[in-house]
Amino acid sequence: MSTADRLGIDWPAVGGIPGRTRTAALVAVAALLGSTLQVLYFFIDVVGLPSRFLAVVAASLVAATVLARLLTPRSAVALGGVLLLVGLWWYVQQLSGSPRIGELLTDTLSLLTGNTLLRITNIRAWVLGVTPAPTFLTWYFAMRRRYALAVAAAGGTLGFLVLTGDADLLTTLSGVVAAVAALGFGDFDRRGEP
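Next up, the structure:
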């Protein structure tokens, strides 16, 4: 049994070149992820250091592409969770003083009720800490042809940004259209249909 079979990977058979439906599904996942990252980029661009943000996104995408052949989905989800926890821990370390866990949870819940991310202290550190996990998981699952999970990872992040009021109507709508396209083309790809 090959490593790809053991890990449940169904790579394209013809010289590693994806078919049209796979390409369309990957483009749709990338568009959904782009909608999410566009909102986060706005915050980084406002406070400076967009190159660092782009480097974090690029590193997450490269890691997801490479590790898609090596990690099982369960291990990838665990790694995504570790990335998120480490990113949030790093963010908390960047804050002046030592905030209490209760205060952090209260602030997070207030975001879900429509408060903008601009109210976060040190938004730059928060964005840099949070970005790797959903980026990695979205692209990892897209590479594994698990399009519904890829859409869930990017869509969940976009949904959070919608709840904070930071994702505008056009960004949200384009993300939803991309998610539907990813699921549709992904279904065709998984079933081997043109």
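Taking the working numbering, I'd label the letters of the sequence shown as residues 6 to 199.
Idealized CB from N, CA, C, for every residue including glycine.
This structure is a prediction, so every number in the text was calculated from the model and none was measured.
Cα-Cα separation, residue i to residue j
i           : j           : result
residue 189 : residue 156 : 11 Å
residue 97  : residue 197 : 46 Å
residue 24  : residue 72  : 21 Å
residue 149 : residue 179 : 23 Å
residue 187 : residue 90  : 28 Å
residue 68  : residue 141 : 7 Å
residue 131 : residue 38  : 18 Å
residue 51  : residue 108 : 25 Å
residue 78  : residue 158 : 13 Å
residue 124 : residue 105 : 17 Å
residue 116 : residue 36  : 25 Å
Cβ-Cβ separation, residue j to residue i (assumed contact under 8 Å), whole Å
i           : j          : result
residue 176 : residue 87 : Their Cβ separation, rounded to whole angstroms, is 28 Å, which puts residue 176 and residue 87 out of contact at 8 Å.
residue 128 : residue 48 : 5 Å
residue 145 : residue 81 : 5 Å
residue 134 : residue 95 : 5 Å
C-beta atoms of residue i and residue j nearer than 7 Å
i           : j           : result
residue 194 : residue 70  : no
residue 40  : residue 163 : yes
residue 170 : residue 118 : no
residue 126 : residue 110 : no
Contact set for residue i: own chain, Cβ-Cβ below 6 Å, skip 5 residues either direction
i           : result
residue 160 : 184
residue 34  : 147, 155, 187
residue 192 : none
residue 182 : none
Cβ shell of residue i (< 7 Å), same chain only, five flanking positions each side left out
i           : result
residue 137 : 61, 65, 88, 92
residue 30  : 152, 187, 190, 191, 194
CB contact below 7 Å: residue i versus chain B
i           : result
residue 166 : Included in the structure is just one protein chain, with no chain B present.
Sequence-distant residues of its chain with Cβ nearer than 8 Å to residue i (five each side left out)
i           : result
residue 167 : 177
What are the complete alpha helix (DSSP H) segments, minimum 4 residues, inside the stretch 82-133? 106-116
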